[in-house]
Amino acid sequence: MFRCQGNANRMTASSFVSVNKLSLVLGAVLICAIFTLVVHMATVTQFSVLPSDSRCIQGASTAQNATVKYRELIPSQNKNVPQEWREKMRRRTQHVRNTCKKYHLQRDFNDNMIGQFYVEDRSRIVFCSIPKVGCSNWKRIILVLSANVNKTDLRSLVQFELHHGSIQYRLQLLSSFTKFGVRFRLKHYLKFMFVRHPLERILSAYRDKLETGDNVYYMRSVGKQIVKNFKANASKAELETGSNVTFTEFLKFILSEHRKNIQLDVHWRPYMELAYPCAIPYDIIGKYETIEEDANNILRLISADHVVRYPPSEQTSKTSDLVKRYYEKIDKKLLQEVWAIYARDAELFDYKLDKFL
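25 is the number of the first residue of the sequence shown in the numbering used here; add one for each residue after it.
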């Protein structure tokens with residue numbers, strides 16, 4: 025009887041210890057839950073200007089860079105930006121909206137559209153990077169604004185490092201954020217893109233990727249296809265290396281890829297398929313023809329003109345002469361067929377075919 029009572033006492037003590045441990049665990053869980061709720065509520069409060077979207081709210085507690093203090097950007101507060109330039113930007117964006125409406129072009133946003141977008145949270149900008157329209161210089165500027173590269177190092181960065189080297193990983197892609205973060209930035213940040221005449225852009229791509237013979241990757245991946253399919257009497261060396269591709273052959277290649285419904289390379293893909301201007305309401309549409317003025321006014325808008333300036337433009341009268349020299353050799357029928365691929369881009373951004381005919 026005594027032994028049984030002793031065992032009972034030991035069992036009672038053991039149970040008491042177990043209950044205490046369980047209480048401690050439950051208490052810790054409760055404290056963690058309260059702390060998490062407080063953090064979550066603080067985050068939601070900070071982002072309270074987000075438009076109502078249940079899909080976005082789910083990501084609120086994990087939104088990246090939640091400590092950044094966001095503020096509404098009111099460009100009119102910056103007195104250094106000329107009023108006539110603001111008006112020009114208004115006309116450009118309005119023209120895009122009118123054209124999208126006229127042709128009932130895609131206006132629904134989805135997450136597959138943002139592969140070319142870069143973010144700089146300090147300055148609250150979203151930049152759509154379009155190859156062959158000054159995107160390398162904008163990447164350099166964003167690296168400086170984000171303090172990931174100093175201006176001295178920036179000058180030594182060559183083109184390849186910006187697009188393919190380790191330095192590119194210091195740039196923040198919009199696609200790296202949660203749905204909440206993506207939509208918040210698209211709603212509240214300054215969104216801008218740059219365009220140029222579509223035919224000038226594809227000529228620039230041809231000269232950079234294929235004509236010089238320096239870009240081994242494009243000569244092997246694209247040049248060899250072009251030589252095989254479009255070059256008459258190609259030599260063995262040309263077939264093996266993809267060298268000596270003419271501009272006419274390059275245009276025939278673009279037309280062939282388009283007719284096969286193959287997505288064009290990013291360097292000559294239409295703006296409609298890179299920047300989605302009918303789905304994303306850009307605040308500013310810069311143009312290559314006025315790139316220095318447009319870029320430096322953007323820097324003034326975000327009060328960064330004292331930190332960095334856009335480098336002087338290389339756009340000269342020689343550029344027009346160069347473009348004319350290439351296109352005057354192109355068969356008019358081929359030119360008009362290629363133009364049809366980019367005609368919607370041209371209408372959106374007010375470019376004409378006339379001077380190339």
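Even glycine gets a Cβ: it sits at the ideal position worked out from N, Cα and C.
**OP:** Would you kindly work out how many angstroms separate the C-alpha atoms of Arg333 and Lys215, rounded to a whole number?
**Re:** Numbered from its first residue, the sequence shown carries residue 333 at position 309. Numbered from its first residue, the sequence shown carries residue 215 at position 191. So the two alpha carbons sit approximately 18 Å from each other.
Subject >> beta strand (DSSP E) segment containing Leu195, residue limits >> reply: Along the sequence shown, one-based indexing puts residue 195 at 171. For Leu195, no beta strand (DSSP E) run applies, since DSSP gives it neither H nor E.
**OP:** Enumerate in chain order the residues of its own chain whose CB-to-CB distance from Ile309 is below 8 Å, with the five nearest sequence positions on each side excluded.
**Re:** Taking the first residue of the sequence shown as position 1, residue 309 is located at position 285. Here the set comprises Met113, Arg116, Thr117, Val120, Phe216, Met217, Phe218, Val219, Pro301, Phe373.
Subject >> Leu377 versus Trp363 - alpha carbon distance >> reply: Taking the sequence shown and counting its residues from 1, one reaches residue 377 at position 353. Taking the sequence shown and counting its residues from 1, one reaches residue 363 at position 339. When the Cα atoms are used, Leu377 and Trp363 turn out to be separated by approximately 8 Å.
Original post:
CB-CB under 6 Å to Val251, same chain, minus the five flanking residues each way: which ones, in chain order?
Top reply: By one-based count along the sequence shown, residue 251 stands at place 227. Close CB contacts of Val251 within its chain, under the 6 Å cut and outside five residues either way in sequence, are with Ala258, Glu262, Leu263, Gly266 (chain order).
Original post:
Can you find a CB in chain D that lies within less than 8 Å of the CB of Phe151?
Top reply: The chain labelled as chain D is not found in the depicted structure, where only one protein chain is given.
**OP:** Whole angstroms is fine: what's the gap from Pro294's alpha carbon to Ser228's?
**Re:** Taking the first residue of the sequence shown as 1, we reach residue 294 at position 270. Taking the first residue of the sequence shown as 1, we reach residue 228 at position 204. Just so you know, the alpha carbons of Pro294 and Ser228 end up roughly 14 Å apart.
**OP:** Tell me whether Pro336 is buried or exposed, calling it buried when 16 or more other Cβ atoms sit within 10 Å of its Cβ.
**Re:** Translated into positions along the sequence shown, residue 336 becomes position 312. Exposed is the call here.
**OP:** Spatial neighbours of Phe271 within its chain, please: CB distance less than 8 Å, with the 5 preceding and 5 following residues excluded, ordered by chain position.
**Re:** For the purposes of this step, residue 271 is taken as residue 247 along the sequence shown, with counting starting at 1. Apart from sequence neighbours up to five positions away, the residues of its chain that approach Phe271 with a beta-carbon distance below 8 Å are Leu227, Tyr230, Glu235, Tyr350, Lys353, Ile354, ordered along the chain.
Original post:
So which of Asn320, Leu288, Phe151 has the shortest CA-CA distance to Ala299?
Top reply: For the purposes of this step, residue 299 is taken as the residue at position 275 of the sequence shown. Out of Asn320, Leu288, Phe151, Phe151 has the C-alpha closest to the C-alpha of Ala299.
Original post:
Taking Pro222 as the reference, which of Ile138, Ile326, Ile154 has the closest Cα?
Top reply: Mapped onto the sequence shown, residue 222 falls at position 198. Ranking the options by Cα distance to Pro222, first place goes to Ile154.
Original post:
CB-CB under 8 Å to Ala370, same chain, minus the five flanking residues each way: which ones, in chain order?
Top reply: One-based indexing of the sequence shown puts residue 370 at position 346. Result list for Ala370: His221, Pro222, Trp363, Lys376, Leu377, in chain order.
Original post:
Can you tell me whether DSSP reads Val332 as helix, strand or coil?
Top reply: Working through the sequence shown from its first residue, we reach residue 332 at position 308. It is coil, neither helix nor strand.
Original post:
Taking the alpha-carbon positions, what's the Lys103 to Gln249 distance?
Top reply: Sequence index remark: in the sequence shown, residue 103 carries index 79 (1-based). Sequence index remark: in the sequence shown, residue 249 carries index 225 (1-based). In this structure, the straight-line span from the alpha carbon of Lys103 to that of Gln249 is close to 53 Å.
Original post:
Taking C-alpha atoms, which residue in Asp307, Pro305, Asp329 lies nearest to Glu316?
Top reply: Reading the sequence shown from its first residue, position 292 is the one you call residue 316. When each option's Cα is compared against that of Glu316, the closest is Asp329.
Subject >> Local Cβ density within 10 Å of Thr381, reported as buried at 16 or more and exposed below that >> reply: Here residue 381 refers to the residue found at position 357 when the sequence shown is read from its first residue. For clarity, residue 381 is Leu in the given sequence; the question names Thr instead. Leu381 is exposed by the Cβ-count criterion.
**OP:** Starting from Glu413, follow its DSSP beta bridges and name the residues at the other end.
**Re:** The displayed coordinates of the chain run from 25 to 381. Any statement about residue 413 would go beyond what the structure contains.
**OP:** Using alpha carbons as the reference points, say which of Thr343, Gln360, Ala319, Met137 lies closest to Ile166.
**Re:** In the sequence shown, residue 166 corresponds to position 142, counting from 1. When only C-alpha atoms are compared, the closest one is Ala319.
Original post:
From this set, Ala256, Arg225, Glu273, Glu224, which residue's C-alpha is nearest Val246's C-alpha?
Top reply: Position 222 of the sequence shown holds residue 246. Nearest C-alpha to Val246: Glu273.
Original post:
Distance, Cα to Cα, Ile365 vs Ser280?
Top reply: Stepping through the sequence shown from its first residue, residue 365 is reached at position 341. Stepping through the sequence shown from its first residue, residue 280 is reached at position 256. Spanning the two alpha carbons is a distance of roughly 11 Å.
Original post:
Considering Cys124, what are the terminal residues of the alpha helix (DSSP H) in which it resides?
Top reply: Stepping through the sequence shown from its first residue, residue 124 is reached at position 100. Taken as a continuous stretch (DSSP letters only), the alpha helix (DSSP H) holding Cys124 covers 107-127.
**OP:** Rounded to whole angstroms, what's the CA-CA distance from Asp345 to Lys379? Just pull it up for me.
**Re:** Here residue 345 is taken as the residue at index 321 of the sequence shown, counted from 1. Here residue 379 is taken as the residue at index 355 of the sequence shown, counted from 1. Distance between the alpha carbons of Asp345 and Lys379: 12 Å.
Original post:
To which residues does DSSP link Phe277 through a beta bridge?
Top reply: Along the sequence shown, read from residue 1 onward, the residue named residue 277 stands at position 253. Partner(s): none; Phe277 has no beta bridge.
**OP:** Evaluate Glu224 with the Cβ neighbour count: other Cβ atoms within 10 Å of its Cβ, from every protein chain shown; 16 or more gives buried, anything less gives exposed.
**Re:** For the purposes of this step, residue 224 is taken as the residue at position 200 of the sequence shown. It is buried - the Cβ of Glu224 has at least 16 other Cβ atoms within 10 Å.
Original post:
Straight-line CA distance for Gly139 to Lys356?
Top reply: Position 115 of the sequence shown, counting from 1, holds the residue named residue 139. Position 332 of the sequence shown, counting from 1, holds the residue named residue 356. CA-CA distance, Gly139 to Lys356, rounds to 35 Å.
**OP:** Use the C-beta contact count for Ile286: other C-beta atoms within 10 angstroms, 16 or more gives buried, fewer gives exposed.
**Re:** The residue given as residue 286 occupies position 262 in the sequence shown. Counting the other CB atoms within 10 Å of its CB gives Ile286 a total below 16, which places it among the exposed residues.
Subject >> Host beta strand (DSSP E) of Lys379 (start-end) >> reply: The count along the sequence shown starts at 1 and reaches residue 379 at position 355. No beta strand (DSSP E) holds Lys379; DSSP gives it neither H nor E.
Original post:
Residues in its own chain within less than 8 Å of Phe141 by CB, not counting five upstream and five downstream?
Top reply: Your numbering for residue 141 matches position 117 in the sequence shown. So the qualifying residues of the chain are Val150, Phe151, Cys152, Ser153, Leu197, Leu198, Ser199.
**OP:** Please state whether DSSP places Glu352 in a helix, a strand or coil.
**Re:** On the sequence shown, position 328 is the one that residue 352 refers to. Glu352 falls in the coil class under three-state DSSP.
Original post:
Counting along the chain, where does the beta strand (DSSP E) carrying Lys215 start and finish?
Top reply: Here the question's residue 215 lines up with position 191 in the sequence shown. Per DSSP, Lys215 is one residue of the beta strand (DSSP E) stretching across 214-219.
**OP:** Starting from Cys302, trace the alpha helix (DSSP H) both ways and give me its first and last residue.
**Re:** Here residue 302 refers to the residue found at position 278 when the sequence shown is read from its first residue. No alpha helix (DSSP H) contains Cys302, which DSSP labels as neither H nor E.
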